[in-house]
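Going by the working numbering, the first residue of the sequence shown is number 492, and it counts up by one from there.
Structure first, then comments.
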Amino acid sequence: MIEMTRLEIDIKRLLTRCELIAKDDPHKDWKLEKYILSLDDMINKLQALPSKPSKDTMMGYVKRVDFLKGVINAMKLTSPVERIVAAQSLSKNSVSTNNSSSTNITTQIHQKTIAKYNQELRAELFHTNKDANKDGLRQRLSSSNIQDDDLDAIVKYNRNIQEKIAENMLSMTSTMKEHALAASAIIKKDIGSLEMSDKLTDINAVKLKKESLKLEEHTHSKWRCWVWIMIAFVLVVFFNMILFMKVAKKKI
């Protein structure tokens, strides 16, 4: 595994900071665009290093930077419809990366950006409708046709967003289900191992008890044997002494 260089660590930190700014509100921090330009230069320098990271890692950095550029470019557009179209096109190019954490935050930025531009478009449409009421019937009809077309576009975009959110939720649900099944299988395996260990422990305890009883019986049997031997020895000595005493008395 190649150790991260200081330049790569700085790139990751600055990328994370830029994504947090974009997630909060890119309009609030004017330095976001300058940060992205700095990221471009840093990635080019990292690409030129002999100890550069893998191709997939570099592609992940580039995709994340391109996504942030797309957010900035969409923010610069004046028409809410154009902003929605630009924000929607981001999902086709830069939302997906190999890193799950970066994918999560870019997805959040993408959804939040589209929702914000949808709100701006609705506000502009309602404002346009009020102005049209003041200008006359012809302008109201024209505005109504434009509003219908724009509302159809909004409904279509919202439907696409909802479908993508549903797909993400299904994917997350299936992943969680797989993890739960894997964890359950591991737990069942561990429980089986513990039960087997308990059974072996019980069997060994029973065997040990039997062996202890056998050893105790064997010890008692040896002790009894020695007792009988001692008794026999004492009797033999006693009778020999009696015989010796009788023989000695006759001689006297």
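No residue lacks a Cβ here, since even glycine has one placed at the ideal position from N, Cα and C.
### Task
Can you tell me which of the three DSSP states Thr569 falls into?
On the sequence shown, position 78 is the one that residue 569 refers to. Thr569 falls in the coil class under three-state DSSP.
### Query
Out of curiosity, what's the CA-to-CA distance linking Asn659 and Lys668?
Within the sequence shown, numbered from 1, the residue matching residue 659 stands at position 168. Within the sequence shown, numbered from 1, the residue matching residue 668 stands at position 177. Taking the straight line from one Cα to the other gives about 14 Å.
### Query
How long is the line joining the alpha carbons of Ser542 and Thr496, rounded to whole angstroms?
Numbered from 1 along the sequence shown, position 51 holds the residue referred to as residue 542. Numbered from 1 along the sequence shown, position 5 holds the residue referred to as residue 496. So the alpha carbons of these two residues sit roughly 8 Å apart.
### Query
Can you tell which of Ile645, Lys536 and Leu704 has the C-alpha that lies nearest to the C-alpha of Ala614?
Translated into the one-based positions of the sequence shown, residue 614 becomes position 123. Residue Ile645 is the option with its Cα nearest to Ala614.
#### Entry: Contact check, Tyr608 vs Ile575, beta carbons under 9 Å
As a first step, residue 608 is located in the sequence shown; it is residue number 117 there, counting from the start. As a first step, residue 575 is located in the sequence shown; it is residue number 84 there, counting from the start. Yes, Cβ-Cβ distance for Tyr608 and Ile575 is below 9 Å.
### Task
Would you grab the beta carbon distance between Leu559 and Ile502 for me? Rounded to a whole angstrom, and I think it's under 8 Å.
Residue mapping note: residue 559 aligns to position 68 of the sequence shown, counting from 1. Residue mapping note: residue 502 aligns to position 11 of the sequence shown, counting from 1. Not really, about 13 Å apart at Cβ, beyond 8 Å.
### Span of the alpha helix (DSSP H), counted from its first residue to its last, around Asp748
With the chain running from 492 to 743 in the structure shown, residue 748 is simply not present.
### Query
Going by the CB atoms, is the gap between Lys514 and Lys655 shorter than 9 Å?
If you number the sequence shown from 1, residue 655 lands on position 164. If you number the sequence shown from 1, residue 514 lands on position 23. In this structure, Lys514 does not lie closer than 9 Å to Lys655 by Cβ.
#### Entry: Where Trp719 falls: helix, strand or coil (DSSP)
In the sequence shown, the residue the question calls residue 719 occupies position 228. Looking at Trp719 - three-state DSSP - the assignment turns out to be helix.
### Task
May I have the straight-line CA-CA distance separating Ala673 from Asp689, to the nearest angstrom?
If you number the sequence shown from 1, residue 673 lands on position 182. If you number the sequence shown from 1, residue 689 lands on position 198. Rounded to whole angstroms, Ala673 to Asp689 spans 24 Å at the Cα level.
### Message
Here's the rule I'm using: 16 or more other beta-carbon atoms within 10 Å means buried, otherwise exposed. How should Arg650 be labelled?
### Response
As a working mapping, residue 650 is identified with position 159 in the sequence shown. Arg650 should be labelled exposed.
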